[in-house]
Amino acid sequence: MPFNDILAILPLIALVAWTLLLILVDLFIPKERKWLTAFLAALGLLLCMGLTIAQIGGPAVAFNGMVVFDGFAVFLSVLFLGSGLVAIALAHDYLRRMDIDRSEYYFLLLFSISGMLLMAIAADLILVFMALELLSIPLYVMAGFARPRLDSEEAALKYFLLGAFSGGFVVYGVALVFGATGTTSLASVVAAVDGGTANLAVLLIGAALILVGFGFKVAVVPFHMWTPDVYQGSPSSVTAFMSVGAKAAGFAALLRVFVTAFPALAQDIAPVLWALSVLTMILGNVVAIAQANIKRMLAYSSIAQAGYILMALVTYGNGDVSDDAIASALFFLLAYTFTSFGAWAVVIALEKEEGKGLELKDYAGLARKYPALAAAMTVFMLSFIGVPPTLGFVGKFYLFRTVIEGGYIGLALIGVLTSLVSAFYYLRVVVIMYMWDGDPEVRKETWLNITTLAAAVATVLLTIFSTPLIRWASQAIMRTF
Amino acid sequence: MNFLFQPLTLVTFFPLLGVLVLLFLKPEQKNAARWTALITSLITFGISLAVLAQFDQNNPNLQLVIDLPWIQVAGFNISYYLGVDGMSILLVLLTTFLTPISIISTWTAVEDRVRDFMLFFLLLEVGMVGVFLAQDLFLFYIFWEFTLVPMYFLIGVWGGPRRMYAAVKFFLYTMAGSILMLLAILWLGIYGGSFSVPDLIAKGGIPADIQTWLFLAFAAAFAIKVPMWPLHSWLPDAHVEAPTAGSVILAGVLLKMGTYGFLRFNLPLFPQASYQFAPWIAVLAVIGILYGAMVSYAQKDVKKLVAYSSVSHLGFVMLGLFALNAQGVQGGILQMVNHGLSTGALFLIVGMIYERRHTRDMDAFGGLWKVMPVYAVLTLIVALSSMGLPGLNGFVGEFTILLGAWEAGAVGNALNTYWFAALAAVGVILAAVYILLMFQKMFLGPVDKEENRILKDLHWREIVTLVPLLVFIFWIGLYPKPFFDLMAPAVDKMLAAIQVAALAIQ
Numbered sequence: 001m002p003f004n005d006i007l008a009i010l011p012l013i014a015l016v017a018w019t020l021l022l023i024l025v026d027l028f029i030p031k032e033r034k035w036l037t038a039f040l041a042a043l044g045l046l047l048c049m050g051l052t053i054a055q056i057g058g059p060a061v062a063f064n065g066m067v068v069f070d071g072f073a074v075f076l077s078v079l080f081l082g083s084g085l086v087a088i089a090l091a092h093d094y095l096r097r098m099d100i101d102r103s104e105y106y107f108l109l110l111f112s113i114s115g116m117l118l119m120a121i122a123a124d125l126i127l128v129f130m131a132l133e134l135l136s137i138p139l140y141v142m143a144g145f146a147r148p149r150l151d152s153e154e155a156a157l158k159y160f161l162l163g164a165f166s167g168g169f170v171v172y173g174v175a176l177v178f179g180a181t182g183t184t185s186l187a188s189v190v191a192a193v194d195g196g197t198a199n200l201a202v203l204l205i206g207a208a209l210i211l212v213g214f215g216f217k218v219a220v221v222p223f224h225m226w227t228p229d230v231y232q233g234s235p236s237s238v239t240a241f242m243s244v245g246a247k248a249a250g251f252a253a254l255l256r257v258f259v260t261a262f263p264a265l266a267q268d269i270a271p272v273l274w275a276l277s278v279l280t281m282i283l284g285n286v287v288a289i290a291q292a293n294i295k296r297m298l299a300y301s302s303i304a305q306a307g308y309i310l311m312a313l314v315t316y317g318n319g320d321v322s323d324d325a326i327a328s329a330l331f332f333l334l335a336y337t338f339t340s341f342g343a344w345a346v347v348i349a350l351e352k353e354e355g356k357g358l359e360l361k362d363y364a365g366l367a368r369k370y371p372a373l374a375a376a377m378t379v380f381m382l383s384f385i386g387v388p389p390t391l392g393f394v395g396k397f398y399l400f401r402t403v404i405e406g407g408y409i410g411l412a413l414i415g416v417l418t419s420l421v422s423a424f425y426y427l428r429v430v431v432i433m434y435m436w437d438g439d440p441e442v443r444k445e446t447w448l449n450i451t452t453l454a455a456a457v458a459t460v461l462l463t464i465f466s467t468p469l470i471r472w473a474s475q476a477i478m479r480t481f
Numbered sequence: 482m483n484f485l486f487q488p489l490t491l492v493t494f495f496p497l498l499g500v501l502v503l504l505f506l507k508p509e510q511k512n513a514a515r516w517t518a519l520i521t522s523l524i525t526f527g528i529s530l531a532v533l534a535q536f537d538q539n540n541p542n543l544q545l546v547i548d549l550p551w552i553q554v555a556g557f558n559i560s561y562y563l564g565v566d567g568m569s570i571l572l573v574l575l576t577t578f579l580t581p582i583s584i585i586s587t588w589t590a591v592e593d594r595v596r597d598f599m600l601f602f603l604l605l606e607v608g609m610v611g612v613f614l615a616q617d618l619f620l621f622y623i624f625w626e627f628t629l630v631p632m633y634f635l636i637g638v639w640g641g642p643r644r645m646y647a648a649v650k651f652f653l654y655t656m657a658g659s660i661l662m663l664l665a666i667l668w669l670g671i672y673g674g675s676f677s678v679p680d681l682i683a684k685g686g687i688p689a690d691i692q693t694w695l696f697l698a699f700a701a702a703f704a705i706k707v708p709m710w711p712l713h714s715w716l717p718d719a720h721v722e723a724p725t726a727g728s729v730i731l732a733g734v735l736l737k738m739g740t741y742g743f744l745r746f747n748l749p750l751f752p753q754a755s756y757q758f759a760p761w762i763a764v765l766a767v768i769g770i771l772y773g774a775m776v777s778y779a780q781k782d783v784k785k786l787v788a789y790s791s792v793s794h795l796g797f798v799m800l801g802l803f804a805l806n807a808q809g810v811q812g813g814i815l816q817m818v819n820h821g822l823s824t825g826a827l828f829l830i831v832g833m834i835y836e837r838r839h840t841r842d843m844d845a846f847g848g849l850w851k852v853m854p855v856y857a858v859l860t861l862i863v864a865l866s867s868m869g870l871p872g873l874n875g876f877v878g879e880f881t882i883l884l885g886a887w888e889a890g891a892v893g894n895a896l897n898t899y900w901f902a903a904l905a906a907v908g909v910i911l912a913a914v915y916i917l918l919m920f921q922k923m924f925l926g927p928v929d930k931e932e933n934r935i936l937k938d939l940h941w942r943e944i945v946t947l948v949p950l951l952v953f954i955f956w957i958g959l960y961p962k963p964f965f966d967l968m969a970p971a972v973d974k975m976l977a978a979i980q981v982a983a984l985a986i987q
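Protein sequence lines correspond, in order, to chains C and V. With the first letter of the first sequence counted as 1, position 244 gets the number 244 in the numbering used here; the numbers rise by one all the way through. Converting from the second sequence to the numbering used here requires adding 481 to each position, the first position being numbered 1.
And the structure:
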C-alpha cells in the first residue's frame with residue numbers, strides 16, 4: 001500500500017482513530033463532566049474537516065481506483081462533517097434534558113459520519129455497500145437511543161429491519177452488476193459497457209435494484225413507509241441528523257454510481273426516476289397536510305424534498321446538463337441542510353419530556369412570547385416552500401433551471417405545483433405561531449440558540465451572497481473515467 | 482460603495498434601516514415604533530423625490546441605472562440591475578407617497594404588536610419599490626414574491642375575524658400564478674443567456690408558439706394580482722379582512738404590480754402574443770368592469786363595495802394597456818396612479834368610520850352629513866373622483882383609456898371592434914350608480930340611528946392623511962399634463978418597438 005493511498009483516506013482514518021480513542025478516553029471522564037466527550041467529538045470533526053480541506057488538490061485516485069477524492073467528495077465530506085457538528089450542538093443539552101445522556105451517542109455519531117465520508121469517496125460498488133452499512137448501523141442504534149421509550153424502540157427496530165432489507169437490495173444489485181460486467185469498480189463497469197462485453201439486461205436489473213436500495217435510504221416514494229414512524233420515534237437530535245446526513249449520503253451514492261457507472265442506462269432509467277420523483281413530490285406534500293405532529297410533518301416534508309433532489313437525477317443522462325444536475329442537487333442539499341437543521345433546532349427547543357410539545361398546536365402563541373424563535377421558524381418554513389429571499393428559493397431556482405434545460409418542462413411544472421401544495425402546510429405552522437393564542441414553554445440553551453440563529457441568518461444572507469456557494473457546488477464535479 | 486450610494490438602491494433599501502432600528506425597540510415602545518416607521522418612510526419619500534429631480538423626462542430609456550454582476554456562475558447570468566423610466570417612476574412615487582400616509586392612519590387603529598406591524602410594513606415597502614425598479618427577472622421575482630410575506634402577516638395578524646383564511650388564500654392564490662411565471666422566467670433565462678429584461682427585449686425573436694405559452698405564464702401571475710375577472714376571488718376576502726393600512730397598500734400599490742407587470746414584461750417581451758391576445762384580455766377587462774360594478778352595487782358592506790370597485794377600475798387599466806396605442810397605455814398608467822389615490826383614500830375613509838362604529842354595514846348609517854360635516858365633504862370629493870367626475874383625476878384616466886380603446890377599435894387595430902369602448906363606457910355610468918347610492922345611504926337623509934348622533938368628526942391627524950391625496954386628486958384632474966409628460970417618451974418608445982417586433986414576426 002503506497003503512501004499516497006493512505007494519504008487519500010487520511011481524514012477517514014483520522015476520524016475512525018479519533019473515535020476509537022474517544023471511547024477509551026471517555027471511560028476516564030467523570031459523569032458530571034460528560035460535556036467533555038461532546039467537546040472532544042466536535043474537535044475530532046473539526047480536525048477531520050481541516051484535513052479534508054488541506055487535502056484539496058492532493059492525490060485524486062487511490063487504491064487502484066477504489067477511492068476517488070474529487071470535488072464531489074470534498075463538497076459532501078464538508079457537508080457531512082458540518083452536519084455532525086450541528087448534531088452535537090443540538091444533542092448536547094437535549095440528551096441531558098431527556099435523561100438519555102450517554103456518551104455512546106457521540107461515538108455512534110462519529111462512526112456514522114465515517115461511513116458517510118467513505119460514501120463520498122467510494123468509487124467501487126463493494127466500497128459503496130460497506131459505506132452504506134457503516135453509516136446505517138450506528139443510526140439504527142441511535143434511533144433507539146431513547147429506550148425504554150416504546151416509540152423509540154419501535155423506530156429502531158423498524159429502521160433496522162427495513163434498512164437491512166434495503167441493504168439486501170443493494171448487495172443483490174451489486175452482485176448482478178458484477179455478473180453483467182465482471183467487475184465492481186465503477187470505472188470498469190463503464191469500460192465493460194463501452195467495450196460491449198457487458199450483459200445490458202442484467203446490468204439494468206442490477207442498477208434498478210441498487211436504485212431501490214438507496215431509494216429506501218433517501219426515503220423516496222414508494223420506499224418511504226418507515227420515515228414518519230422512525231422520524232417521530234427517534235430522539236429529535238438523531239432525527240435531525242438522519243434527515244440531513246443520511247439523506248445526503250444516499251444521494252451521494254445515487255449520484256456517484258449512476259452518473260459515473262450507468263450513463264449508458266440513462267435512457268431506460270430516466271422514466272423510472274421521473275415517475276419516482278413525481279410520486280415522491282406529490283405524496284410527500286399531500287400527506288404532510290394531514291399531519292398534526294410536527295415531527296411527522298417534517299418527516300413527510302423531508303420525503304417531498306427528496307423528490308425535488310431526485311428531479312436533478314432524472315436529467316443525469318443529458319450530456320448538456322449533467323454537470324448542472326450534480327451541482328444543482330448538491331446546492332439544493334446544502335440549502336436543505338441549513339433549513340432542515342434550523343427547523344429541527346426549533347422543534348428541539350419546544351420539545352418536552354415524554355414526547356410532549358410536539359403537536360402543531362403546541363406552537364400557538366410562539367410569536368408573542370418568543371418573537372425571534374418564531375421569526376427563525378418562519379424563515380425555515382419559507383425556505384422549505386422556496387419563497388425568496390431564502391436559500392430554498394435559490395436551490396429550487398437552480399434545480400428547476402436544470403430540469404427545464406434538460407428538456408423536462410412537465411416535471412418542472414409538477415415540481416412548482418407541488419411546491420404550491422407544500423405552501424399550505426408550511427404556512428400553517430406560521431399561522432399557528434403568529435395568529436393563534438397560546439402559552440408555549442421554550443428551552444433556552446446557548447448551543448441550541450446559536451444553531452437556530454446561525455441557520456436562520458445563513459438561510460437569508462447566503463441568498464444574497466450565494467455566488468460562492470453555487471460556484472463551489474458547480475466545481476464539485478465528479479471525476480469521470 | 483458604488484453599489485450603496487446610488488439613488489435607486491437607496492430608495493429601495495432605505496426602509497431596511499428603519500427595520501433595523503425597530504428590531505432594537507422593545508415591544509412596549511409603541512410610539513417609538515410608530516415614529517421610527519413614519520420618519521423612515523418620509524425619508525424614503527424624500528429620496529424618491531430626489532430620484533424624480535434627477536429624472537430626465539425627455540429620455541425614453543432607463544435612467545439612473547445600476548447594473549452590477551451578482552450571480553454569474555454555473556451558466557447563471559444574474560445582475561443586480563435597477564433602473565427607472567417613464568413607465569415606472571410614477572408608481573415608485575405612488576408607493577413611497579402612500580406608505581407614510583398609511584402609517585399615519587394606523588396611529589390609533591393598531592395597538593397590538595405595533596413594532597412588528599411597522600416592521601412588516603417597511604419590509605413591504607422594500608418589496609414594492611423593488612418590483613417597480615428591478616430590470617433583471619431574477620431580482621424582480623425575488624421582490625415580487627417577497628411582497629407576499631409581509632402582506633400575509635399584515636392580513637393574518639392584524640386583520641378582521643376571518644383573517645387567517647384570507648391571509649392563506651391571498652398567499653396561495655398569488656403564489657399559484659407566480660410559480661408559472663417562474664418557469665417562464667427560467668425558460669427565458671436559458672433562451673437568452675441572461676435574465677436582464679432589456680437584453681432579452683433586444684434579443685427578441687422568440688418563436689410565436691412559444692411566445693403564446695410564455696405570455697400566458699406571465700399573464701397568470703399578473704392577472705391574479707390585478708386581479709382580472711375571473712381570478713379575483715381572493716381580493717374581497719383579503720381587502721375585507723386586512724387592516725385599513727393594509728387595504729390602502731393592497732389596493733394602492735400591490736394591485737398595480739399586476740398591471741405594471743403586463744406593461745413591463747408581457748408587452749415588450751412577447752409583442753406578437755400581446756397583439757394576438759389583446760382582444761381576449763379586453764374581453765376579460767370589460768367583463769371585469771361591468772361585473773365589478775354590478776357586484777359593488779349589491780354590497781351592504783362598504784369595504785366590500787370599495788374592494789369590488791377595484792375589480793372594475795383595474796378592468797379599465799387593463800383595457801387601456803391592451804389597446805396598444807399611446808392614449809390607451811398612457812391612460813392606463815395614469816389610471817393606476819388615480820386608482821391608488823382614490824381607492825386608497827376610500828379605504829382610509831372606511832377605516833375612519835369603522836374605528837368609530839365598529840361596523841361597515843351601510844344600513845347602520847344615515848345622515849352622517851349632519852353629524853360629521855368635514856368627513857362628509859372629504860368623502861364626497863373622493864367618491865366623485867372614484868366615479869370619474871370631470872375636473873377630478875378619475876375622469877382624466879378613464880376618458881383617455883376610452884379614447885385609446887375607441888381608436889384601437891378600428892378594423893385592423895389591436896381590438897378590432899368598438900364594442901369594448903362602448904361597453905366600458907357603460908361601466909362609467911354604473912360606477913356613478915353604486916358610488917352615489919353608497920353616499921346617499923350613509924350621508925344623506927335624517928340621522929335615524931341613536932349611535933350615530935354622538936360620532937365625532939375627523940381628528941386633525943385623520944385630515945392630514947386625506948389632504949395630500951386630495952391635492953393630487955385635484956391636480957391630476959385639473960392639469961394632468963406634467964404626469965403625461967413624464968411617461969410619454971417611454972411609452973412611445975415601447976409601443977414603436979413592439980409594433981416593429983410584432984410585424985417582423987408576422
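The C-beta atom is built at its ideal place from N, Cα and C for all residues, glycine as well.
C-beta contact flag for residue i and residue j at 9 Å
| i | j | result |
| --- | --- | --- |
| Thr463 of chain C | Gly307 of chain C | no |
| Ile289 of chain C | Ala312 of chain C | no |
| Thr628 of chain V | Met709 of chain V | no |
| Ser322 of chain C | Val259 of chain C | yes |
| Gly658 of chain V | Ala701 of chain V | yes |
| Ala89 of chain C | Ile385 of chain C | no |
| Ile834 of chain V | Val787 of chain V | no |
| Pro371 of chain C | Pro508 of chain V | yes |
Span separating the alpha-carbon of residue i from that of residue j
| i | j | result |
| --- | --- | --- |
| Pro496 of chain V | Leu603 of chain V | 5 Å |
| His720 of chain V | Leu829 of chain V | 12 Å |
| Leu135 of chain C | Leu358 of chain C | 28 Å |
| Gln757 of chain V | Gly875 of chain V | 29 Å |
| Met116 of chain C | Glu154 of chain C | 25 Å |
| Leu43 of chain C | Tyr562 of chain V | 44 Å |
| Gly213 of chain C | His224 of chain C | 11 Å |
| Val460 of chain C | Ala335 of chain C | 10 Å |
Helix, strand or coil at residue i [DSSP, three-state]
| i | result |
| --- | --- |
| Gln544 of chain V | strand |
| Trp344 of chain C | helix |
| Leu51 of chain C | helix |
| Tyr408 of chain C | coil |
| Ser152 of chain C | helix |
| Ala723 of chain V | coil |
| Ala122 of chain C | strand |
Beta-ladder partner(s) of residue i, from DSSP
| i | result |
| --- | --- |
| Asp617 of chain V | V:Ser677 |
| Val61 of chain C | C:Val68 |
| Asp782 of chain V | V:Asp842 |
Which residue spans inside the stretch 840-927 of chain V form an unbroken alpha helix (DSSP H) run of at least 4?
Considered as a whole, the stretch 840-927 of chain V harbours 849-852, 854-868, 874-889 and 900-924 as its complete alpha helix (DSSP H) runs of no fewer than 4 residues, in chain order.
What ranges does the alpha helix (DSSP H) occupy inside the stretch 263-311 of chain C, keeping only unbroken runs of at least 4 residues that lie completely in it?
The DSSP assignment places complete alpha helix (DSSP H) segments of no fewer than 4 residues inside the stretch 263-311 of chain C at 266-289, in order along the chain.
Which parts of the stretch 150-200 of chain C are runs of the alpha helix (DSSP H), unbroken and 4 residues or longer, counting only runs that do not cross its ends?
Segments of the alpha helix (DSSP H) lying fully in the stretch 150-200 of chain C: 150-181 and 186-195.
Mind pulling the alpha helix (DSSP H) runs of 4 or more residues that sit fully within the stretch 518-598 of chain V?
Runs of the alpha helix (DSSP H) inside the stretch 518-598 of chain V: 570-586.
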